[in-house]
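Heads up: the structure comes next, in structure tokens.
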Amino acid sequence: MTPRNACHARSALLSCCAVIALMPVAASAQDSAATRLSPIIRLPEITLYAYGGDDDANSIVARELAVGGKVATSILDTPASVSVITQAEIERRDARTLEDVLQYSAGTIADYYGTDDRNDYYQIRGFDASTYRDGITLGGLRGIREEPLAYERVEVIRGANSTLFGPADPGGSINFVTKRPRAERFSEVFGTVGSDSRKEYGFDFDDVLTPDATLSWRMTGKLQDSSREYDFSRDDETFLMGGLTWQPSDVTSVSLIVDYLDRDATPNSGGYPRGGSYDRSVFLGEPDFNYLNVERTTVNVIAEHDFGEGLTLRSNLR
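Residues -29 to -1, 1 to 289 (mature numbering (1 follows the signal peptide of the UniProt record, and there is no 0)) are what the sequence shown spells out, left to right.
Structural data, given as structure tokens:
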């Protein structure tokens, strides 16, 4: 090869190398331009709806049914007619007895014995209701008049349902859910002064004991010094309830709740002679014979563990 031909060959080789080196740059520029000109693909909008657990202390609307602590399920998915009276509704209506709490529940008749104020009386759909506390039977008619301050909510299930509690009355059942520590700090103090020399004082405290909130406590109480509208009567009460909850994880919790109830009352259940009219202050009984004193101490243990995959263990002991 002559020197001139060699020079031309070297020039051609350098030109080819330059073209090859510039080709990726041109291709990259073309890709960038194509990307800018291509339409943007927008995925369809997805909306998620979610809500937390029921807040019985602040809301009168309940979404879930504890069903006696056995199975927490949505009220909409429960195949029964259900009413839930939350703590917020009880306080707003200033319900002093469980008869007052159930007064506005559909299909429920409360206080059907009139002046007989010894116990709580209520029926569902014309039948005496089965009563439960945290899923454990509370007793039938003529039981102790309960204190509404002890409960977070009251659940009314209309119609017989043996799958929940076994044999049940045909009218339905009522389940009272006990207040438990809520792993948050709050305090409430209240007082009431009214007719018939009524004086009432109460409190509700809640706080955590450990920095990680695995151990929390709650203390609730009420002291009542009162009489009724008739002579020689009294309507005194002392109620104290303390709770301790241990929750080492989000799936495990154990609660110990102890409550004390002392009632000293004069029932007006003797009736009146037929004929004539009588003043409301007239007492036709014997003060030394007509009295109703109740003293009760209750210990409750409530345990729960979620194994996952829809399997949850709940156990109540009283």
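Note that beta-carbon positions come from the ideal geometry of N, C-alpha and C, so glycine has one too.
Given the structure is predicted, the values throughout are model-derived calculations rather than measurements.
A contact is defined here as three or more CB-CB pairs under 8 Å, and the stretch 256 to 272 meets this definition with respect to the stretch 222 to 232. If one requires a minimum length of 3 residues, the beta strand (DSSP E) runs lying completely within the stretch 56 to 102 are 79 to 81, 93 to 95, in chain order.
A contact is defined here as three or more CB-CB pairs under 8 Å, and the stretch 192 to 202 meets this definition with respect to the stretch 164 to 173. Residue burial is scored here from C-beta neighbours: Val222 has fewer than 16 other C-beta atoms within 10 angstroms and is therefore classed as exposed. Shown here for Asn264: same chain residues with a beta carbon closer than 6 Å to its own, the five before and five after excluded, namely Asp235 in chain order. Looking only at Gly165, Phe161, Asp202, the smallest Cα-Cα distance to Asn261 is reached by Asp202. Per DSSP, reduced to three states, the secondary structure at Pro219 is strand.
Here Thr209 is bridged, per DSSP, to Leu194, Asp233.
The residue among Ile273, Asp233, Leu14, Val127 with its C-alpha nearest the C-alpha of Thr209 is Asp233. With fewer than 16 other Cβ atoms inside 10 Å of its own Cβ, Ile12 counts as exposed. Taking the C-beta atoms as reference points, Ala59 is found nearer than 8 Å to Ser30. For Leu284, the enclosing beta strand (DSSP E) has its first and last residue at 282 to 288.
With a threshold of 16 other beta carbon atoms within 10 Å, Glu118 meets it and is buried. Each residue's CA atom was taken as its position, placing Gly256 and Asp206 some 16 Å apart.
When secondary structure is reduced to three states using DSSP, Leu120 falls in the helix class.
Within the stretch 159 to 195, the runs of beta strand (DSSP E) at least 3 residues long that lie entirely inside it are, in chain order, 169 to 179.
For Asn146, the enclosing beta strand (DSSP E) covers residues 143 to 149. Judged by DSSP secondary structure, Asn271 falls within the beta strand (DSSP E) whose first and last residues are 263 to 279. The shortest C-alpha to C-alpha distance from Arg34 to any of Glu16, Val53, Thr18, Ile17 is the one to Val53. Secondary structure at Phe157: strand, using DSSP grouped into helix, strand and coil.
Leaving aside the five residues that flank Ser204 on each side, the residues in its chain whose CB is nearer than 6 Å to its CB run, in chain order, Ser198, Thr237.
In this model, Thr149 and Arg129 are separated by some 21 Å (Cα to Cα). A direct Cα-to-Cα measurement between Glu159 and Asp175 gives close to 5 Å. Each of Arg153, Pro182, Arg124, Ala81 was checked against the Cα of Glu70, and the nearest Cα belongs to Ala81. Scanning its chain for C-beta atoms nearer than 7 Å, with the 5 sequence neighbours on each side dropped, one finds around Glu200 the residues Asp167, Arg251, Ser252, in chain order. The alpha-carbon separation between Thr79 and Ile95 amounts to approximately 5 Å. CA-to-CA, the gap between Ser286 and Asp26 works out to about 22 Å.
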